[in-house]
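Heads up, the thing below is written out as C-alpha cells.
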Amino acid sequence: MLSPLVAGLGLGFSLIVAIGAQNLFVLRQGLRREHVLAVATICAVSDAVLIALGVSGIGLVLQAVPWLIGVVRWAGALFLVGYGLLAARRAWRPSGEALGGTAEPASAASGSPSAGVATRTRLAPALLTCLALTWLNPHVYLDTVFLLGTVANTHGDDRWLFAAGAMAASVVWFFGLAFGARLLGRWLSTPRAWRLLDAVIAVVMIALGVSLVLPSAG
0 MLSPLVAGLG LGFSLIVAIG AQNLFVLRQG LRREHVLAVA TICAVSDAVL IALGVSGIGL
60 VLQAVPWLIG VVRWAGALFL VGYGLLAARR AWRPSGEALG GTAEPASAAS GSPSAGVATR
120 TRLAPALLTC LALTWLNPHV YLDTVFLLGT VANTHGDDRW LFAAGAMAAS VVWFFGLAFG
180 ARLLGRWLST PRAWRLLDAV IAVVMIALGV SLVLPSAG
C-alpha cells in the first residue's frame with residue numbers, strides 16, 4: 000500500500016525542488032516574513048488541485064485544445080518578464096531594504112524617520128502575484144496535470160494514493176521553503192544582500208519568461 004504513496008512523494012519532490020519563478024517568490028516572501036502562511040497555502044493547494052485534475056483525466060481535454068496551452072504560455076511569459084523587470088528595478092534603485100525592514104546604520108543616522116525602512120507588501124497583491132506565478136506557468140501544467148497525472152494513472156486503483164504522495168511533497172516543500180527561509184536571515188540582513196537577491200530573481204524570471212516563448216517564436 001505504501002509503494003504508490005512513496006512513488007508519488009518521490010516524483011513530486013523531483014519535479015518541485017528546482018529554481019523557478021514560484022520557488023523564488025516563496026523564498027522572497029519567507030525572507031521578508033510577509034504573508035508566509037497564505038503564500039505557502041496557495042502554492043500547496045494549487046498543486047493539489049492541478050494534480051487532482053491530472054489524475055481525473057483533464058490532461059486529455061487539454062491535449063484536445065492545444066491552443067489553450069499557447070495562450071497560457073504567452074500570458075505567463077509576459078508576466079514573468081514584467082516581474083523580472085520590477086526585480087531588476089529594485090536591484091538597480093534599492094530602497095535600503097533589509098531583513099525585517101531594518102535600515103543600514105548609515106541610512107538610519109540620516110535623520111529621516113523613514114530612511115531605509117522596507118515597505119510591507121499588502122496581502123492582496125502578494126496573493127495575486129503568487130496565483131499568477133502558479134497558474135500562468137505552462138510548466139506547472141506539464142509537471143502536474145500531464146506528467147504526474149499520466150504516471151498516477153499507471154497505478155490503476157492506487158492512482159489517488161500516488162496523487163496523495165505527490166500532494167504531500169508539495170505541502171512539505173512549500174511550507175518548508177517559506178518558513179525555513181528565515182534561517183538565511185544572517186546572510187540577507189543588509190540592503191546590499193537584498194540587491195543581489197533581487198538581481199538573481201530578475202535574471203531567472205526574465206530568462207524563464209523568454210524561454211517560454213522561444214519555442215513558439217522559432
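The opening residue of the sequence shown carries number 0 in numbering that gives the first Met the number 0; numbering runs sequentially from there.
Cβ atoms here follow ideal geometry from the backbone N, Cα and C, with glycine treated the same way.
The structure displayed is predicted, hence computed values, not measured ones.
- For THR149, the uninterrupted alpha helix (DSSP H) segment begins and ends at 148-152.
- Following the DSSP letters along the chain, one finds PHE174 inside the alpha helix (DSSP H) bounded by residues 158-179.
- Comparing alpha carbon positions, the residue from VAL171, MET204, ALA6 and ALA151 closest to VAL44 is VAL171.
- Counting only runs of at least 4 residues, the segment 23-92 fully encloses the following alpha helix (DSSP H) elements, listed from N- to C-terminal order: 35-54, 57-63 and 65-91.
- Taking C-alpha positions only, GLY81 is separated from ILE41 by approximately 21 angstroms.
- By a beta-carbon distance limit of 8 angstroms, ALA90 contacts ALA201. Their separation comes to about 6 angstroms.
- Between GLY11 and SER210, the beta carbon gap of about 23 angstroms keeps them out of contact (Cβ cut-off 8 angstroms).
- The Cβ atoms of GLN21 and VAL139 lie closer than 9 angstroms to each other.
- Beta-carbon to beta-carbon, VAL212 and TRP73 are separated by about 6 angstroms, close enough to satisfy the 8 angstroms threshold.
- About 7 angstroms separates the CB atoms of PHE161 and LEU4; that is less than 8 angstroms, so the two are in contact.
- Going by DSSP, LEU183 is part of no alpha helix (DSSP H) at all; its letter is neither H nor E.
- In terms of Cβ geometry, GLY7 and MET204 do not form a close pair [threshold 9 angstroms].
- When DSSP states are grouped into helix, strand and coil, ARG194 belongs to the helix group.
- If you check the CB distance, LEU130 and HIS34 do not come in under 9 angstroms.
- Annotation for PHE78: ALA131, LEU132, LEU135 and GLY208 place their beta carbon closer than 8 angstroms to its own, counting only its chain and skipping 5 residues before and after.
- The residues THR128, CYS129 and LEU132, in chain order, have a CB closer than 7 angstroms to that of PHE24 in the same chain once the five nearest residues on each side in sequence are set aside.
- If you draw a 10 Å sphere on the C-beta of ALA39, you find 16 or more other C-beta atoms in it, and that means buried.
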